[in-house]
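>
In this note's numbering, the protein residues as written are 2 to 220.
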């Protein structure tokens with residue numbers, strides 16, 4: 002990961018293309034603690050309460066680091082959208098640092114259509130000044146893409162950002178190509194991914210050292 006001119010540049014080794022992330026003071030302030038937490042989460046195979054507590058702590062750091070964005074808007078018009086199960090403790094931590102924000106959970110992580118959630122609260126989302134979509138792990142990017150697609154199409158006037166602790170280079174590349182205006186903040190990018198057979202007809206890129214964060218959260 003290279004920090005140049007206020008951006009994070011990551012080489013996508015499979016095609017030698019460059020991924021660029023917009024860069025905020027978030028990682029200048031908290032980069033070391035976030036990196037350590039992210040690395041600790043990558044090594045955790047036990048899960049449970051300690052794992053959830055680490056995610057909560059990381060979320061608090063993320064929320065504090067986002068002040069360069071949140072301080073410019075009405076905090077009561079900020080929506081924090083978590084993607085269960087992996088993103089659940091993370092967004093609770095973010096909301097502790099942004100206490101007047103409203104917390105929502107997208108059902109995209111259950112392979113369902115997330116649109117119903119937003120339509121139920123459409124009046125609020127139409128007024129939103131900032132929507133923070135958060136997930137602990139962005140692997141292939143498909144789960145985040147479902148949520149971001151609906152938000153970007155229906156609330157285009159609102160500032161939408163994605164925050165994650167761990168992101169695969171392939172998933173990050175996919176999201177930037179799909180949403181070129183998206184601000185994506187992440188503390189750790191993992192370039193090593195493998196193809197995993199999900200079903201008979203579906204293969205997906207996965208980060209081999211992490212496993213299923215949702216299962217670890219639920220233990």
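Virtual Cβ for every residue (Gly too), placed ideally from N, Cα, C.
If you measure between the beta carbons of residue 192 and residue 170, is that distance less than 7 Å?
A contact, by the Cβ cut-off of 7 Å.
> For the segment 58–125, which segments carrying the beta strand (DSSP E) assignment without a break, of at least 3 residues, lie completely within its bounds, in sequence order?
Entirely contained in the segment 58–125, the beta strand (DSSP E) runs reaching 3 residues are, in chain order, 79–83 and 103–106.
> Quick check on DSSP: helix, strand or coil for residue 219?
Helix.
> Give the straight-line distance between the Cα atoms of residue 156 and residue 83, rounded to the nearest whole angstrom.
About 17 Å.
> Any idea what DSSP makes of residue 156, helix, strand or coil?
Note: residue 156 maps to coil in three-state DSSP.
> Tell me which residues share the same chain as residue 94 and place their Cβ nearer than 8 Å to its Cβ, disregarding the 5 neighbours each side in the sequence.
So the qualifying residues of the chain are 56, 57, 58, 59, 60, 61, 62, 63 and 64.
> Over what stretch of residues does the alpha helix (DSSP H) that includes residue 171 continue unbroken?
Per DSSP, residue 171 belongs to the alpha helix (DSSP H) from 170–179.
> Quick one: Cα of residue 131 to Cα of residue 48, how far?
Computed Cα separation, rounded: 31 Å.
> How close, in whole Å, do the beta carbons of residue 36 and residue 189 come, if the pair is a contact with beta carbons under 8 Å?
About 6 Å; that satisfies the 8 Å criterion.
> Taking just the CA atoms, how far does residue 108 sit from residue 219?
Taking the straight line from one Cα to the other gives about 16 Å.
> Would you tell me roughly how many angstroms separate the C-alpha atoms of residue 100 and residue 177, rounded to the nearest one?
Between residue 100 and residue 177, the C-alpha separation is close to 29 Å.
> Expressed to the nearest angstrom, what Euclidean distance is found between the alpha-carbon atoms of residue 137 and residue 184?
Roughly 16 Å between the two C-alpha positions.
> From what residue to what residue does the beta strand (DSSP E) around residue 184 run?
184–191 is the extent of the beta strand (DSSP E) around residue 184.
> Given this structure, state the Cα-to-Cα distance separating residue 125 from residue 142, to the nearest angstrom.
If you take the alpha carbons of residue 125 and residue 142, they lie about 26 Å apart.
> Apply the 10 Å Cβ neighbour rule to residue 102 and answer buried if 16 or more other Cβ atoms are within range, or exposed otherwise.
Label assigned to residue 102: buried.
> Helix, strand or coil: which one does DSSP assign to residue 165?
Strand.
> According to the Cβ coordinates, are residue 78 and residue 117 closer than 7 Å?
No, these two residues do not count as a Cβ contact at 7 Å.
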